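Numbers given in this note's numbering equal positions in the sequence shown, counted from 1, plus 101.
Quick reminder that beta carbons are idealized off the backbone N, C-alpha and C, glycines included.
These numbers come from a predicted model, not from an experiment.
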Amino acid sequence: MLPTIAREADAVVMIDQRKLPAEEIYVRCRTAAEVARAIRTMVIRGAPAIGVAAAMGIALGMRTSAATGTQKFAAQFYKTCELMAATRPTAVNLFWAIERMKRSFAAAASAGESVEQIKDRLDCESQAIHDEDVASCRAMGAFGADVVPPGARILTHCNAGALATAGYGTALGVIRGAVEQGKQVTVVADETRPFLQGARLTAWELMREGIQTTVITDNMAGALMHQGGIDLVVVGADRIAANGDTANKIGTYGVAVLAREHGIPFYVAAPLSTIDLDTPEGQHIPIEERSAREVTHFGGNQLTPDGAIIWNPAFDITPHRFIAGIITERGICRAPYTESLARVFSDAPVGAPH
Ligand code: MRU
Numbered sequence: 102m103l104p105t106i107a108r109e110a111d112a113v114v115m116i117d118q119r120k121l122p123a124e125e126i127y128v129r130c131r132t133a134a135e136v137a138r139a140i141r142t143m144v145i146r147g148a149p150a151i152g153v154a155a156a157m158g159i160a161l162g163m164r165t166s167a168a169t170g171t172q173k174f175a176a177q178f179y180k181t182c183e184l185m186a187a188t189r190p191t192a193v194n195l196f197w198a199i200e201r202m203k204r205s206f207a208a209a210a211s212a213g214e215s216v217e218q219i220k221d222r223l224d225c226e227s228q229a230i231h232d233e234d235v236a237s238c239r240a241m242g243a244f245g246a247d248v249v250p251p252g253a254r255i256l257t258h259c260n261a262g263a264l265a266t267a268g269y270g271t272a273l274g275v276i277r278g279a280v281e282q283g284k285q286v287t288v289v290a291d292e293t294r295p296f297l298q299g300a301r302l303t304a305w306e307l308m309r310e311g312i313q314t315t316v317i318t319d320n321m322a323g324a325l326m327h328q329g330g331i332d333l334v335v336v337g338a339d340r341i342a343a344n345g346d347t348a349n350k351i352g353t354y355g356v357a358v359l360a361r362e363h364g365i366p367f368y369v370a371a372p373l374s375t376i377d378l379d380t381p382e383g384q385h386i387p388i389e390e391r392s393a394r395e396v397t398h399f400g401g402n403q404l405t406p407d408g409a410i411i412w413n414p415a416f417d418i419t420p421h422r423f424i425a426g427i428i429t430e431r432g433i434c435r436a437p438y439t440e441s442l443a444r445v446f447s448d449a450p451v452g453a454p455h
């Protein structure tokens, strides 16, 4: 499987997603600060992947700590958590992973473990977050495959694939799940301006596996739907509010509105670590704004006149009423989402795919 991120004894290693598909380069981060920079600068991106990176970055930072006393070690630990939390604001998986690391630290500290034992525990916890993410993606793929009709032409936006997770992917996991069930599907990948996750990453990932993929620029999706060229939309998510409103890559909202107009089912695939029951509605989700340069320049070439005003939000909110279902590792949640999302965290079944 595609190696998005891995831990080595003295480093966190990740494929440089800024360079794909032209170059396959692996970046070795040897400190927590280097991991934080890699998240901020999009060496690694995608909600579950940045959660895993933050957890591994914290574990690496503490592994290399010279502190011998638990008090100094604890102060360093919480500072490292703050460093990771300040990288990107929208994807809740980042904060979820940091909270898990804090809980693990607190359990070790209250059990009276030594600094060396706590280091081991943090390494194990970050690896567990990684491994559980792959398992969640596979489960989502199996549930989601059932909503994919044979021969479906599936539109996706951004990259919610192996590269955006610890492996297998969320939206692309659903596509992989359908292919594993023997369904012949084809994919349409929105280019996804300005960072081009669709054109560069989704197309690269799927083509490696021989899944037929057509790349379109973002402004072509409406025309293609109007011609009857899309049967299903599946996207990932960066944060899902308690009522089902979903933050995902900028442009997702437009795709959802178009899908509704054309009667095309619009699904979101995301693990429980992306669902934020503490945020009641989408309007409360913080939206990251990125550098104007991502819009003004492409490959070093300036596209816009000097002084042009730029707005570059990285995400938008799709209201829950546009969403046919939210595919999780425990099943598919349907409207009313306030009930089904709350239920998915309990042991009760969330309902069979239909
Ligand atoms: O800015 P990015 O590339 O981190 O944004 C990624 C997305 O919006 C993905 O669709 C989302 O994180 C889901 S990834 C499984």
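Indicate, with yes or no, if the ligand MRU has a heavy atom lying under 7 Å from the CB of residue i.
| i | result |
| --- | --- |
| V336 | yes |
| K173 | no |
| N402 | no |
| A240 | no |
| K284 | no |
| K180 | no |
| F244 | no |
| D291 | no |
| N413 | no |
| D339 | yes |
| A236 | no |
| A357 | no |
| R146 | yes |
| G330 | no |
Exposed or buried, which one is residue i when buried takes at least 16 other CB atoms within 10 Å?
| i | result |
| --- | --- |
| P149 | buried |
| G401 | exposed |
| Q172 | exposed |
| I116 | buried |
| I341 | buried |
| H258 | buried |
| A207 | exposed |
| A453 | Residue confidence is low: A453 scores 45 on pLDDT, short of 50, so the model does not pin down where it sits. Its coordinate-derived value is still stated next. So A453 counts as exposed. |
| V445 | buried |
| I424 | buried |
| Y179 | exposed |
| Q328 | exposed |
| R431 | buried |
| L404 | exposed |
| D346 | buried |
| G170 | exposed |
| T380 | buried |
| H455 | Because H455 sits at a pLDDT of 36, beneath the cut-off of 50, its placement in the model cannot be relied upon, and the following sentence gives the value as read from the coordinates. Burial call: exposed. |
| I219 | buried |
Just confirm the distance between the C-beta atoms of residue i and residue j, as a whole number of angstroms; I'd bet it's less than 8 Å.
| i | j | result |
| --- | --- | --- |
| V286 | L256 | That pair is no contact at about 11 Å. |
| S441 | N413 | Rounded, the Cβ-Cβ distance is 34 Å, inconsistent with contact. |
| V336 | A272 | 5 Å |
| T105 | G268 | 6 Å |
| I428 | V275 | 6 Å |
| Q282 | A246 | 5 Å |
| T191 | G162 | Wrong, their Cβ atoms sit about 23 Å apart, outside the cutoff. |
| I376 | F416 | No, I376 and F416 are not in contact; Cβ-Cβ is about 16 Å, not under 8 Å. |
| T419 | Y354 | 5 Å |
| V334 | A371 | The pair is not a contact, with the Cβ atoms about 14 Å apart (cut-off 8 Å). |
| P435 | I331 | Looking at the sequence shown, residue 435 is not Pro but Arg. 21 Å between Cβ atoms; not a contact. |
Starting from residue i, trace the alpha helix (DSSP H) both ways and give me its first and last residue.
| i | result |
| --- | --- |
| M241 | V216 to A246 |
| A360 | T353 to E362 |
| Y438 | Y438 to V445 |
| E430 | Segment: none, E430 is in no alpha helix (DSSP H) and carries neither H nor E. |
| F206 | V193 to S211 |
Can you give me the start and stop residues for the beta strand (DSSP E) that residue i sits inside?
| i | result |
| --- | --- |
| E382 | No beta strand (DSSP E) contains E382, which DSSP labels as neither H nor E. |
| L256 | R254 to T257 |
| F416 | F416 to T419 |
At least one CB of chain D closer than 8 Å to the CB of residue i: is that the case?
| i | result |
| --- | --- |
| P104 | In the structure shown, chain D cannot be found, because there is only a single protein chain. |
Legend entry - Cβ pair count under 8 Å reaching 3, the region 218 to 229 against the region 298 to 314: no
Legend entry - Segment contact, 8 Å Cβ cut-off, at least three pairs: the region 234 to 254 with the region 108 to 124: no
Legend entry - Stretch pair the region 294 to 305 + the region 150 to 158: three plus CB contacts closer than 8 Å: no
Legend entry - Meets three-Cβ-pair contact criterion under 8 Å: the region 184 to 192 and the region 354 to 369: no
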